[in-house]
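Undergrad: Its first residue numbered 1, the sequence shown is counted upward by one per residue in the UniProt record's numbering. All C-beta atoms in this analysis are idealised placements derived from N, C-alpha and C, irrespective of residue type, glycine included.
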Amino acid sequence: MNVSLKRIQAIIVKDYKEFSRNYAISVMILFPLLFAFMYRSDGAEQATMYAFVINFSLAMLTSFVQACLIAEEKERNTLRSLMMTPASMLDVLIGKSALVFIISAAVLALSTYIFGYDTSNMMVLVAAIGISILLYTAVGTICGLYSKTLIEASLSIFPVLIIFTMGPFALVFEEDYPFVKVLRYLPSSQLSELVAALEIGAATNELVMPLVIISIWAIVLTVISFVLYKKRLMDR
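(1) Would you kindly report the start and end of the unbroken alpha helix (DSSP H) that includes Pro178?
(2) Please specify which runs of the alpha helix (DSSP H), each continuous and at least 4 residues long, are wholly inside the stretch 29 to 53, giving them in chain order.
(3) Measuring only the C-alpha atoms, how far is Lys181 from Glu174?
(4) Just verifying my parser: in three-state terms, what is the DSSP assignment at Ala98?
(5) Any chance the stretch 90 to 108 sits against the stretch 187 to 202, with 3 or more Cβ pairs inside 8 Å?
(6) Do Ile8 and Ile94 have their CB atoms nearer than 8 Å?
(7) Under the three-state reduction of DSSP, which class applies to Ser225: helix, strand or coil?
(8) Between the beta-carbon of Leu34 and the beta-carbon of Ile142, is there less than 8 Å?
(9) Report the residue from Met89, Ala203 and Thr149 whose alpha carbon sits nearest the alpha carbon of Thr222.
(10) When the Cα of Tyr50 is compared with those of Pro159, Val100 and Leu191, which residue comes out closest?
(11) Go to Arg184, then tell me how far its alpha helix (DSSP H) extends in each direction, as first and last residue.
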């Protein structure tokens with residue numbers, strides 16, 4: 001499947017204009033910064049609170065913006081028109097994901113700076129956050145493709161926000177309710193474990209499993225988003 005950089009760039013520019021015009025969507029970049037400022041701490045709970053800020057930001061910014069941008073195009077019926085252009089499936093999905101990835105990466109980097117979090121293995125943290133951005137972008141794509149309107153897309157993100165953000169905190173009940181242990185395999189829980197491991201200076205080999213699990217989530221959800229887009233393409 002051919003990939004055209006010019007078409008991808010055109011889609012990015014188009015999405016940026018829509019993003020900057022729609023203040024209900026663009027205002028989301030402020031929430032991660034606000035939460036980073038509110039919950040920054042130098043105490044023993046720093047890793048826990050930092051993981052919460054990042055997980056919340058990924059759901060509330062990355063998934064929400066991606067879902068709304070796609071749903072807005074569906075509501076205007078411009079996504080169908082985009083599907084009928086010479087742009088390939090990869091052109092469209094990469095183009096519509098690139099802007100959200102760039103915005104998320106920039107905002108999360110600034111949030112990390114505001115929070116004051118630092119680690120000796122920053123490369124691992126950057127890799128984990130980068131993979132997580134891809135994962136949550138795929139989640140947003142899926143929610144956007146399933147939604148018919150912008151309002152539906154906004155509502156569809158709330159289950160993602162609740163499950164992925166609060167999942168790690170529910171693990172405190174795993175001794176009383178064994179079924180809660182399944183939440184340990186959520187990407188948000190794995191990211192929290194990774195941040196905690198980085199906090200105590202864990203060896204690199206101890207950081208591999210969380211990265212692998214997050215990567216599996218990212219691959220599976222990306223494939224699902226591709227399949228769903230192709231299904232929408234066939235239904236036009």
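TA: To lay it out plainly:
(1) For Pro178, there is no enclosing alpha helix (DSSP H), since its DSSP letter is neither H nor E.
(2) Counting whole runs of 4 or more residues, the stretch 29 to 53 contains the alpha helix (DSSP H) stretches 30 to 39.
(3) Lys181 and Glu174: Cα-Cα distance of roughly 6 Å.
(4) Helix, per DSSP.
(5) Counting Cβ pairs under 8 Å, fewer than three are found: no touch.
(6) It is a contact, given that the beta carbons lie within the stated cut-off.
(7) Correct three-state label for Ser225: helix.
(8) Judged by their CB atoms, Leu34 and Ile142 are not nearer to each other than the 8 Å cut-off.
(9) Comparing Cα-Cα distances from Thr222 to each of Met89, Ala203 and Thr149, the minimum goes to Met89.
(10) Ranking the options by Cα distance to Tyr50, first place goes to Leu191.
(11) According to the DSSP assignment, Arg184 belongs to no alpha helix (DSSP H), since it is labelled neither H nor E.
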